[in-house]
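Participant: Pasting a structure below so you can have a look.
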Amino acid sequence: MTTPSASGASGATTDPPSANGGNGGNDANDPNGHGRAGWTRFVPIVDQLRGYERRWLLNDAVAGVVLVSLLVPAGMAYAQASGLPAVTGLYATIVPLLVYALVGPSRVLVMGPDSALAPLILAAIVPLAADDPAEAIALAGTLSIIVGLVGVLAGLARFGFLAELLSTPVRYGYLNGIALAIVVAQLPKAFGFSVDADGIVDSARAFVDGVVDGATNGWALGMAAGSLAVILVLGRITRLIPGVLVAVVGSIVVTLAAGLTTDDLALVGDLPAGFPTPSLPSTDWDDISAMFAAALGISFVAFADTSVLARVFALKRGAKVDSNQELVALGLVNVTSGFFQGFPVSGSSSRTPVAEAAGARTQLTGVIAALVLTALVVFGAGAFRNLPQATLAAVVIAAALRLFEIGGTLRLARLRRSEFLLSTAAFVAVALFGAITGVGIAIALSVLNFLRKAWMPHTTELVRVDGLKGYHDGDRHPEGRRVPGLLLYRFDAPLFFANARFFVEDVLQRVDAAQTAGRPVQVVVVTAEPITDVDVTAIDALEELVRDLAARDVTLRFAELKGHVRERLEAAGVIELIGREHLARTTGQAVRTWVDESGVEWVDWEDRNGTNGTNGTNGTNGTNGTNGTNGTDGTDR
Numbered sequence: 001m002t003t004p005s006a007s008g009a010s011g012a013t014t015d016p017p018s019a020n021g022g023n024g025g026n027d028a029n030d031p032n033g034h035g036r037a038g039w040t041r042f043v044p045i046v047d048q049l050r051g052y053e054r055r056w057l058l059n060d061a062v063a064g065v066v067l068v069s070l071l072v073p074a075g076m077a078y079a080q081a082s083g084l085p086a087v088t089g090l091y092a093t094i095v096p097l098l099v100y101a102l103v104g105p106s107r108v109l110v111m112g113p114d115s116a117l118a119p120l121i122l123a124a125i126v127p128l129a130a131d132d133p134a135e136a137i138a139l140a141g142t143l144s145i146i147v148g149l150v151g152v153l154a155g156l157a158r159f160g161f162l163a164e165l166l167s168t169p170v171r172y173g174y175l176n177g178i179a180l181a182i183v184v185a186q187l188p189k190a191f192g193f194s195v196d197a198d199g200i201v202d203s204a205r206a207f208v209d210g211v212v213d214g215a216t217n218g219w220a221l222g223m224a225a226g227s228l229a230v231i232l233v234l235g236r237i238t239r240l241i242p243g244v245l246v247a248v249v250g251s252i253v254v255t256l257a258a259g260l261t262t263d264d265l266a267l268v269g270d271l272p273a274g275f276p277t278p279s280l281p282s283t284d285w286d287d288i289s290a291m292f293a294a295a296l297g298i299s300f301v302a303f304a305d306t307s308v309l310a311r312v313f314a315l316k317r318g319a320k321v322d323s324n325q326e327l328v329a330l331g332l333v334n335v336t337s338g339f340f341q342g343f344p345v346s347g348s349s350s351r352t353p354v355a356e357a358a359g360a361r362t363q364l365t366g367v368i369a370a371l372v373l374t375a376l377v378v379f380g381a382g383a384f385r386n387l388p389q390a391t392l393a394a395v396v397i398a399a400a401l402r403l404f405e406i407g408g409t410l411r412l413a414r415l416r417r418s419e420f421l422l423s424t425a426a427f428v429a430v431a432l433f434g435a436i437t438g439v440g441i442a443i444a445l446s447v448l449n450f451l452r453k454a455w456m457p458h459t460t461e462l463v464r465v466d467g468l469k470g471y472h473d474g475d476r477h478p479e480g481r482r483v484p485g486l487l488l489y490r491f492d493a494p495l496f497f498a499n500a501r502f503f504v505e506d507v508l509q510r511v512d513a514a515q516t517a518g519r520p521v522q523v524v525v526v527t528a529e530p531i532t533d534v535d536v537t538a539i540d541a542l543e544e545l546v547r548d549l550a551a552r553d554v555t556l557r558f559a560e561l562k563g564h565v566r567e568r569l570e571a572a573g574v575i576e577l578i579g580r581e582h583l584a585r586t587t588g589q590a591v592r593t594w595v596d597e598s599g600v601e602w603v604d605w606e607d608r609n610g611t612n613g614t615n616g617t618n619g620t621n622g623t624n625g626t627n628g629t630n631g632t633d634g635t636d637r
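Using UniProt numbering, the letters of the sequence shown correspond one by one to residues 1 to 637.
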């Protein structure tokens with residue numbers, strides 16, 4: 001695939017070939033990466049470098065330098081938003097960039113501090129740190145190691161699918177809640193004062209009280225407002241000029257030109273020069289236990305966001321993502337971050353697009369950015385002594401504004417009220433109970449929503465509609481015709497322990513309702529094409545249903561059973577109980593069998609029109625099943 005370089009550094013370039021499928025993971029023909037030889041599967045950069053072309057170096061170098069302009073202010077800002085010294089944000093940027101370059105399957109994904117994780121980290125470490133910066137750093141490092149170990153173990157256990165449990169409505173809700181929490185927490189700093197409060201409601205109240213009491217610092221507010229305006233305006237106009245860099249440099253220039261000092265407003269001050277040596281953070285077991293729940297929540301949020309981001313950029317290059325490998329890579333990144341005074345990180349949704357737009361071809365972009373950052377930390381730590389804290393607050397607020405999913409939430413309200421309410425519940429949970437508890441509730445809501453849909457899936461009685469091929473949802477087609485004595489029943493889900501009882505009761509209720517309505521049922525045909533699996537509980541339920549229907553002089557039959565489902569039912573003796581003669585390949589065949597054996601009066605509309613003899617089994621596309629053209633049981637799914 002040929003794509004133009006967004007930076008214009010080298011014009012049109014060709015995506016480098018890779019065993020891991022270009023941008024986001026594995027080759028389309030080898031989605032699990034099993035075709036790669038040995039250890040190189042776990043160190044994807046080896047395959048990237050084997051196919052590396054010299055002309056890509058300029059793209060990667062330019063992208064790396066451009067990336068640094070965002071990484072420095074964002075890293076420091078998110079560190080302070082997490083309750084940590086600004087310099088730790090640089091450590092938590094450098095190490096993840098290098099480690100992910102070695103083990104990360106995505107070619108352009110940028111790892112580092114993230115605004116969505118900041119309130120979670122803050123809530124986890126601040127209550128335990130007792131206003132001691134050194135203790136906060138140790139706690140954050142330990143938290144990062146726990147998060148990383150959870151990720152590595154989950155990835156090795158192939159739990160990558162867990163990211164899919166966080167539904168889009170719930171994700172919108174908790175992101176909106178986290179974004180609001182970030183904005184409320186940063187407003188006092190932007191106005192030049194501090195508050196001592198927990199939670200969105202108390203923090204908002206304390207902020208308003210501070211403004212009313214005259215605590216606002218004019219210089220701080222001016223710096224924050226100007227920086228926020230620059231970031232937002234340039235972000236809308238162009239990606240080529242980083243608004244964050246302009247805001248940071250501009251704020252430093254204004255501070256120097258106006259001769260401002262710490263007496264006038266809060267400044268970042270001198271950062272510690274040099275790079276920390278790797279060490280295991282010193283944290284007692286009580287604190288580790290207290291942070292464990294937070295670590296699980298952070299792990300889930302970090303992986304969910306990273307997984308979504310990896311898929312988005314993989315699709316752009318026709319690649320596939322191995323979620324388990326991505327999870328292991330994220331885990332290793334966080335483990336090493338913790339050993340270097342860092343904190344939990346994830347894929348960055350703001351910096352990854354910048355890297356791609358600047359022409360990044362491989363993870364060498366991250367390596368170059370990390371080396372430049374290291375030089376800055378070692379030799380240029382004093383460059384940020386005159387950077388106002390209010391400017392960093394503006395950087396965080398700008399990032400938080402991008403987290404809000406207003407458009408997506410309004411779309412939920414328009415398309416599906418129940419999912420809008422679910423999203424609102426997740427938002428309220430974060431707003432009322434704090435980031436960690438709120439995210440935990442959001443995850444629980446997502447799982448419960450999944451179980452609810454599986455427990456009570458959509459079911460319907462199928463009917464024949466004149467002029468339409470196939471059999472269709474009777475609720476949507478009240479004008480549809482029913483074959484006398486026959487109930488065509490469709491269950492739109494796998495049949496397992498959570499919904500087996502519902503399945504039995506729903507079938508019996510429909511049979512009884514038909515009897516009451518003067519339409520006695522003699523045969524129930526389950527059109528089983530949507531039933532992709534059955535477990536032991538479901539098998540027991542089917543046996544019970546056969547007996548309950550027999551007590552009503554009703555026979556149970558199946559049409560369109562999938563091969564593996566039929567084999568499982570056969571092994572359990574259910575097929576023998578039902579009778580092999582009561583299995584049909586298609587719904588049309590099941591209807592024809594019943595009409596022939598019962599002698600009921602039934603003339604199909606296609607018979608009247610002379611289109612295809614019977615109910616489609618001998619029609620224009622008989623091998624495909626029901627009524628000729630549409631195979632299964634109709635178009636209204």
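Note that beta-carbon positions come from the ideal geometry of N, C-alpha and C, so glycine has one too.
To the nearest angstrom, report how far apart ALA528 and GLY440 are at their CA atoms.
Facilitator: 36 Å
Participant: Between ARG608 and HIS582, what straight-line distance do the alpha-carbon atoms span, to the nearest angstrom?
Facilitator: Roughly 27 Å between the two C-alpha positions.
Participant: When the Cα atoms are used, what is the spatial distance from LEU577 to GLU543?
Facilitator: Separation of LEU577 and GLU543 (C-alpha to C-alpha, rounded to the nearest whole angstrom) is 8 Å.
Participant: Using DSSP with H/G/I as helix, E/B as strand and the rest coil, what is TYR471?
Facilitator: strand
Participant: Roughly how many angstroms lie between the CA atoms of THR93 and LEU58, to the nearest whole one?
Facilitator: The straight-line gap from Cα to Cα measures roughly 22 Å.
Participant: So PRO344 and SER144 are in contact, right, with Cβ under 8 Å, and what is the actual spacing, rounded?
Facilitator: 5 Å
Participant: Leaving aside the five residues before and after SER299 along the sequence, list all residues of the same chain whose C-beta is less than 7 Å from its C-beta, in chain order.
Facilitator: VAL147, VAL150 and GLY151
Participant: With distances taken from CA atoms, which of ALA517, ARG414, HIS477 and GLY579 is nearest VAL525?
Facilitator: Closest by alpha carbon: GLY579.
Participant: Are the segment 359 to 368 and the segment 50 to 65 touching, with three or more C-beta to C-beta distances below 8 Å?
Facilitator: yes
Participant: Can you round the beta-carbon distance between TYR78 and ASP131 to whole angstroms, since I take them to be within the 8 Å contact cut?
Facilitator: Wrong, their Cβ atoms sit about 20 Å apart, outside the cutoff.
Participant: Quick one: residues in its chain with C-beta nearer than 8 Å to the C-beta of ALA431, no 5 flanking neighbours on either side, listed in chain order?
Facilitator: GLY177, LEU180, ALA181, ILE200, VAL201 and GLY438
Participant: Classify VAL536: buried if its beta carbon has 16 or more other beta carbons within 10 angstroms, exposed otherwise.
Facilitator: By the Cβ neighbour-count rule, VAL536 is exposed, with fewer than 16 other Cβ atoms within 10 Å of its own.
Participant: Can you tell me the Cα-Cα spacing of GLU597 and ALA590, whole angstroms?
Facilitator: 11 Å
Participant: What are the boundary residues of the beta strand (DSSP E) that includes VAL523?
Facilitator: Per DSSP, the unbroken beta strand (DSSP E) holding VAL523 starts and ends at 523 to 527.
Participant: I'd like the list of long-range same chain contacts for LEU488, defined as Cβ closer than 7 Å, with 5 residues on each side in sequence excluded.
Facilitator: GLU461, LEU462, TYR471, VAL525, THR527 and THR587
Participant: In terms of residues, what are the limits of the beta strand (DSSP E) holding PHE491?
Facilitator: That run of the beta strand (DSSP E) goes 486 to 491.
Participant: Check whether the segment 368 to 382 touches the segment 83 to 97, counting contact only when three or more Cβ pairs, one atom from each stretch, lie closer than 8 Å.
Facilitator: yes
Participant: Determine, using beta carbons only, whether PHE313 and SER106 come nearer to each other than 8 Å.
Facilitator: Yes; because the gap between Cβ atoms is below 8 Å, this pair is in contact.
Participant: Please work out which residues of its chain come closer than 7 Å, Cβ to Cβ, to residue 645, disregarding the five sequence neighbours upstream and downstream, and give them in chain order.
Facilitator: In this structure the chain extends from 1 to 637, so residue 645 is not present and cannot be described.
Participant: Closest by CA to VAL534, which one among ARG566, VAL521 and ALA513?
Facilitator: For the residues ARG566, VAL521 and ALA513, the minimum Cα distance to VAL534 belongs to ARG566.
Participant: Please confirm whether GLN80 and LEU448 have their CB atoms less than 8 Å apart.
Facilitator: Judged by beta-carbon spacing, LEU448 lies beyond the 8 Å limit of GLN80, meaning their Cβ atoms are not closer than that value.
Participant: Can you name, in chain order, every residue of its own chain whose Cβ lies under 6 Å from the Cβ of GLY259, other than the five neighbours on each side?
Facilitator: none
Participant: Taking 8 Å as the cut-off, decide whether the C-beta atoms of ALA514 and VAL521 are in contact.
Facilitator: Cβ atoms of ALA514 and VAL521: closer than 8 Å.
Participant: Run through DSSP, which three-state label would PHE502 get?
Facilitator: helix
Participant: So what's LEU296 in DSSP terms, helix, strand or just coil?
Facilitator: helix
Participant: What are the boundary residues of the beta strand (DSSP E) that includes LEU556?
Facilitator: For LEU556, the enclosing beta strand (DSSP E) has its first and last residue at 555 to 559.
Participant: Under 8 Å by Cβ, that's how I've got LEU70 and ILE252 pegged, so tell me the actual separation to the nearest angstrom.
Facilitator: Wrong, their Cβ atoms sit about 16 Å apart, outside the cutoff.
Participant: Can you tell me whether GLU164 is buried or exposed, with buried defined as 16 or more other CB within 10 angstroms of its CB?
Facilitator: exposed
Participant: Tell me which residue opens and which closes the beta strand (DSSP E) that GLU461 is part of.
Facilitator: 459 to 464
Participant: Assign PHE161 to one of two classes, buried (16 or more other C-beta atoms within 10 Å of its C-beta) or exposed (fewer than that).
Facilitator: exposed
Participant: Spatial neighbours of ALA400 within its chain, please: CB distance less than 7 Å, with the 5 preceding and 5 following residues excluded, ordered by chain position.
Facilitator: SER115, ALA179, ILE182 and VAL183, listed in sequence order.
Participant: Does the Cβ of THR323 have 16 or more other Cβ atoms within 10 Å, making it buried, or fewer, making it exposed?
Facilitator: Note on residue identity: the sequence assigns Ser, not Thr, to residue 323. The residue in question, SER323, is buried, as its Cβ has 16 or more Cβ neighbours within 10 Å.
Participant: Give the C-beta separation of LEU556 and VAL546 to the nearest angstrom, bearing in mind that I take them to be a contact with Cβ-Cβ under 8 Å.
Facilitator: 5 Å
Participant: By how many angstroms is the C-alpha of ILE121 removed from the C-alpha of PRO17?
Facilitator: Low local confidence applies: a pLDDT of 41 at PRO17 is under 50, so the model's placement there is unreliable, and no value is given.
Participant: For ALA294, which residues from the same chain have a beta carbon less than 6 Å from its beta carbon, with the 5 sequence-adjacent residues on both sides left out?
Facilitator: ALA124 and ILE436
Participant: What is the DSSP secondary structure of SER350, counted as helix, strand or coil?
Facilitator: In the three-state scheme derived from DSSP, where H, G and I count as helix and E and B as strand, SER350 is classed as coil.
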